[in-house]
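Number of protein chains: 2
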Amino acid sequence: MSQTNDEVEKENGGRFGQGFPPESIAIVGISRNGRSKVPGYDGLRLFQGLRDYGYAGRLYPVNPKADEILGEKAYASVVDIPERLDLAIVTVPAPAVPRVIDDCAAAGVRYVHVCSSGFGETGLAEGLRLEEELREKALKGGVRIIGPNCMGFNVPSKRITTFPDIGVLPEGGVGLISQSGGHARLFMMNAASMGLGLSAAISYGNGLMLDAVDFIEYLAEDDRTQVICVYLEGIRDGRRLAETVRRIVPKKPVIIWKGGLTDAGSRAAASHTGSMAGSEAIWRAFYRQTGAVRVDTLEEMAEAAMAFQMLRPLPGARAAVMTMGGGSTVQSGDLCGRANLAVPRFSPETQKEIPKFVSSVNQGLSNPMDVPGVLMDPIAFTRLLRVVAQDPNIDVLLVGLPVEAALGGFGQTTQALVDFNRESPHGKQVAAAITDNWGPHEIEKQCREAREMGVPLFPTFTGACLALNRVAGYYRFLGRRDIRA
Amino acid sequence: MSQTNDEVEKENGGRFGQGFPPESIAIVGISRNGRSKVPGYDGLRLFQGLRDYGYAGRLYPVNPKADEILGEKAYASVVDIPERLDLAIVTVPAPAVPRVIDDCAAAGVRYVHVCSSGFGETGLAEGLRLEEELREKALKGGVRIIGPNCMGFNVPSKRITTFPDIGVLPEGGVGLISQSGGHARLFMMNAASMGLGLSAAISYGNGLMLDAVDFIEYLAEDDRTQVICVYLEGIRDGRRLAETVRRIVPKKPVIIWKGGLTDAGSRAAASHTGSMAGSEAIWRAFYRQTGAVRVDTLEEMAEAAMAFQMLRPLPGARAAVMTMGGGSTVQSGDLCGRANLAVPRFSPETQKEIPKFVSSVNQGLSNPMDVPGVLMDPIAFTRLLRVVAQDPNIDVLLVGLPVEAALGGFGQTTQALVDFNRESPHGKQVAAAITDNWGPHEIEKQCREAREMGVPLFPTFTGACLALNRVAGYYRFLGRRDIRA
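Protein sequence lines, in the order shown, are assigned to chains A and B.
Numbered by our numbering, the letters in the first sequence go through residues 2 to 486 in order.
Numbered by our numbering, the letters in the second sequence go through residues 2 to 486 in order.
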């Protein structure tokens with residue numbers, strides 16, 4: 002049965018957000034030597050990681066056997082800490098977690114982030130029983146649990162992180178909610194090279210009390226967040242998610258990657274976070290009805306976020322494609338076709354204009370265009386971009402560049418793209434993609450530089466097609482919504 | 002109307018192969034200063050490239066205005082060269098090519114490789130007329146044309162290349178036929194890092210006389226070639242291609258990437274090589290009926306070739322998937338599902354055996370498996386591989402490794418895979434893939450090392466799923482064929 006947000010919030014002890022990001026944190030389950038009993042989690046590393054990140058709030062180590070840890074006074078229990086805490090991070094083994102929840106309730110701790118695994122996700126009776134015990138104690142004690150089985154969060158603007166190995170991330174407009182800490186971590190590790198800055202990244206593991214909807218609501222209200230990215234495995238209350246997302250979409254794009262939509266993937270989701278994955282058909286209807294942007298991989302999610310951050314609204318997804326080499330042009334056309342990015346014929350005016358400065362030998366004059374000579378000549382290239390920009394059949398320009406050119410730095414070709422986007426003739430914008438980026442290449446630096454200069458350069462052509470289509474689809478959805486309203 | 006191979010060969014002057022690779026080559030259109038009139042082609046660079054490659058045959062520069070070029074005596078025309086040539090490479094502008102064909106006919110040159118563009122691919126009346134003139138002159142004069150609008154070939158074992166900028170390629174069992182010289186070049190540039198050695202790579206541009214079928218026939222008879230890769234845009238005689246491929250498939254796999262199967266792609270194919278692309282439905286029937294292995298990108302082609310080279314026949318494509326991290330396991334399952342690689346449940350025996358040495362906390366015991374601890378422990382990992390190998394539900398093992406592990410070198414994990422494939426318990430084989438290889442990474446070296454040790458390590462997980470499925474599909478096709486025969 003579906004609940005209203007008010008009902009859920011009342012049940013869970015209020016809306017998520019007050020006291021987050023936390024200004025005071027206790028770490029429960031912190032050893033003096035960094036040897037944690039729980040594989041993968043280590044309070045000492047989390048403590049050190051928060052310090053290294055430059056966390057400006059108050060940090061309290063909790064260890065009944067220590068007097069001090071890393072020069073900080075240690076407490077036997079959260080109840081001994083002389084302030085009401087925003088957050089306790091718990092890394093003790095699963096069977097010891099219920100007692101920590103009792104302590105947190107007694108101490109009036111707002112949020113308890115349970116890193117520890119060994120709960121519902123095991124599928125075992127003992128894990129399920131422990132999880133139910135956590136819920137009961139938390140509800141009774143007015144404590145809100147993040148997790149369990151959860152890697153936590155990262156808020157660059159507040160210098161707070163529970164991912165100690167990632168380092169400082171650039172601040173920005175992308176908010177990430179992920180049921181998987183591993184995916185959150187990977188997204189963060191690649192965010193900088195994708196040109197993405199983060200407002201917050203929050204993983205929530207089993208989502209026992211606070212789950213995706215609560216965190217999505219939080220990012221919807223957060224002024225720093227311009228684009229919301231969500232990785233889901235399962236969801237407790239599908240109708241509540243749909244209603245929330247539908248409400249937020251007109252304000253900001255909500256990009257959702259739903260894992261476990263195949264048989265094998267859904268079996269894995271069940272044992273990862275104890276999630277019921279739901280069928281492809283149900284989720285297709287969800288996307289159609291809410292206007293959430295569908296992606297199917299982490300890379301697609303990052304590329305869609307990058308496109309939303311870098312492009313103004315697109316009126317449609319009819320692309321003019323310009324690339325180098327016959328085979329590459331055929332491939333570009335096919336990749337557009339498979340990603341449902343339209344590559345229409347040029348208008349008669351454009352067709353008349355182009356031959357005036359593009360030779361017909363080895364140069365395709367139709368769309369997609371094979372224009373190697375033009376791409377190497379900034380004056381001709383700028384002219385071509387402007388001619389194509391005035392074509393009423395075209396919504397967006399997409400330039401395919403070979404990886405060899407990328408590795409050499411694009412030079413004046415990039416400058417032509419930069420200038421075009423700065424001026425945006427006829428309101429048009431241009432994106433670029435590496436056409437042949439397979440096999441390992443070292444183009445990270447080049448990609449980043451192009452993005453810093455305002456050119457959304459994608460590491461793959463398929464990624465660019467999909468991302469552009471998604472941006473256009475979002476605004477198409479908004480348009481239809483306005484007409485209906 | 003379809004022709005038999007005999008009819009076509011008679012018309013084109015005999016089967017392709019005699020005199021190839023050529024033992025004597027003239028280069029027609031070679032300047033003294035390397036400044037060619039035809040953009041993109043340069044006889045001097047081709048000449049120098051053949052020398053640098055270590056070509057052991059006889060090389061003749063043809064330039065009526067020079068006495069010698071790079072220390073080699075220059076001839077005014079091919080008719081002046083004092084031997085019957087296997088090959089003339091022509092880089093003069095399109096309008097001058099017919100006269101060169103006349104000269105080659107007079108001199109009894111076997112093959113003429115026409116690099117020059119400006120023929121049928123332009124779609125212009127003049128180009129089409131010139132192309133028809135070439136055909137008539139060649140047929141009358143008993144000369145066979147490769148091209149026009151063609152970048153040529155590379156035969157590492159004979160040190161012969163018309164791709165002067167690629168360098169020496171490793172010899173091996175992969176033969177490539179490509180209508181696009183650009184794709185051939187890109188394939189060759191990535192072949193070494195994909196662990197592929199080449200028997201020959203041949204591009205044929207507009208395919209005026211000799212086309213894909215002739216070259217496929219050649220590779221079918223070539224003992225060095227174990228796997229045939231083909232990139233096609235269009236084909237003159239579909240029935241002849243189908244009959245030829247159907248005949249070859251039982252001997253060696255024929256991997257075909259058909260470009261231009263979408264609207265935009267087929268428009269580009271028309272202006273690239275003047276090809277009629279054909280519909281998706283026709284080509285789907287072609288693949289089904291011939292047993293050709295379908296791929297849809299260059300990367301997929303290289304990965305399928307790598308899988309065919311490294312794996313023995315697979316009886317099926319039911320995979321046991323082992324990876325690290327919950328989210329990554331869900332994703333692996335979904336990628337398998339989308340690539341139609343089956344991930345069946347383990348047999349009851351396997352399910353009973355695994356918990357004996359794999360802990361249930363944070364470790365999925367179903368397929369796909371989330372076994373981070375096991376993958377880091379070579380003894381447990383070896384044991385897991387062996388337990389899974391005896392499962393009758395499993396045809397092949399697939400290990401997903403995070404890029405971080407790859408960048409660090411896999412160490413003992415790789416050794417466990419190497420040992421497994423060396424011994425191949427119960428006839429099973431293992432492959433590996435990077436699960437999170439997005440964003441640019443520098444793992445080329447690691448991938449190559451794993452392959453050199455006998456582990457088919459794919460740069461992407463999707464690529465691995467697709468490639469394994471293709472290998473299995475090929476052998477499934479062979480099995481069905483044997484039953485029908």
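Every residue gets a Cβ at the ideal spot worked out from N, C-alpha and C, and that includes glycine.
The structure displayed is predicted, hence computed values, not measured ones.
Under the DSSP definition of a beta bridge, A/K74 partners with A/E69. Secondary structure at A/P379: helix, using DSSP grouped into helix, strand and coil.
Against chain B, the CB of A/L187 has a partner CB under 8 Å away; the residue lies at that interface. Approximately 20 Å separates the beta-carbon atoms of A/A340 and A/V389; this is outside 8 Å, ruling out the contact. Two segments are said to touch when three or more pairs of C-beta atoms, one from each, lie closer than 8 Å; by this definition the region 226-239 of chain B does not touch the region 138-158 of chain B. Per DSSP, A/T414 is one residue of the alpha helix (DSSP H) stretching across Q413 to E424. With a 10 Å radius around the Cβ and a threshold of 16 neighbouring Cβ atoms, B/K252 comes out exposed.
The beta carbons of B/P62 and B/A75 sit closer together than 8 Å.
Per the coordinates, the alpha-carbon of A/E127 lies some 10 Å from the alpha-carbon of A/A95. Not flagged as an interface residue toward chain B: A/C230, since no C-beta distance is shorter than 8 Å. Scanning chain B for C-beta atoms nearer than 9 Å to the C-beta of A/E234 yields G327, G328 and V331, reported in chain order.
A direct Cα-Cα distance of roughly 11 Å separates B/N368 from B/L398.
At least one beta carbon of chain A lies nearer than 8 Å to the beta carbon of B/V344. Residue contact check for B/R145 against chain A: no CB pair falls below 8 Å. Scanning chain B for C-beta atoms nearer than 8 Å to the C-beta of A/T263 yields G334, D335, C337, G338 and R339, reported in chain order. Residue-level contact check: A/R130 does not touch chain B, since none of the beta carbons of chain B fall below 8 Å from its beta carbon. Secondary structure within the region 92-124 of chain A: the beta strand (DSSP E) runs of 3 or more consecutive residues, fully enclosed, are 112-115 (chain order). For A/R85, not one C-beta of chain B is nearer than 8 Å to its own C-beta. Contact annotation: the region 151-159 of chain A touches the region 197-215 of chain A, with at least three C-beta pairs closer than 8 Å. Per DSSP, B/G128 is one residue of the alpha helix (DSSP H) stretching across A126 to G142.
Between the alpha carbons of A/G239 and A/G121 lies a gap of roughly 20 Å.
Contact of B/H184 with chain A by beta-carbon distance below 8 Å involves G328, S329 and Q332. Interface annotation, A/R423: not in contact with chain B, CB-CB separation never under 8 Å. With a beta-carbon spacing of about 5 Å, A/D392 and A/S348 fall inside the 8 Å limit used to define contacts.
Under the DSSP assignment, B/P62 falls in the beta strand (DSSP E) whose first and last residues are R59 to V63. Cβ-Cβ distances below 8 Å link A/A57 to K159 and R160 in the same chain, with the five nearest sequence neighbours on each side left out; the list follows chain order.
For the set A/D81, A/R295, A/Y219 and A/P165, the Cα lying nearest the Cα of A/G182 is the one of A/P165.
Within the same chain, no Cβ atom closer than 8 Å to the Cβ of A/K353 is found once the five residues on either side in sequence are excluded. Straight across, the Cα-Cα distance linking A/D87 with A/E281 is about 39 Å.
When 8 Å is used as the limit between beta carbons, A/G260 is near these residues of chain B: G328, V331, Q332 and D335, in chain order. Interface flag for A/G266 against chain B is set, since a Cβ pair is found closer than 8 Å. The Cβ-Cβ distance between A/L211 and A/G173 does not fall below 8 Å. In this model, A/R100 and A/V91 are separated by some 11 Å (Cα to Cα). The way I'd put it, the region 369-388 of chain B does touch the region 319-339 of chain B; three or more beta-carbon pairs between them come closer than 8 Å.
With a threshold of 8 Å between beta carbons, A/S200 makes no contact with chain B.
Closest in alpha carbon position to A/Q430, among A/F358, A/T351 and A/A308, is A/A308.
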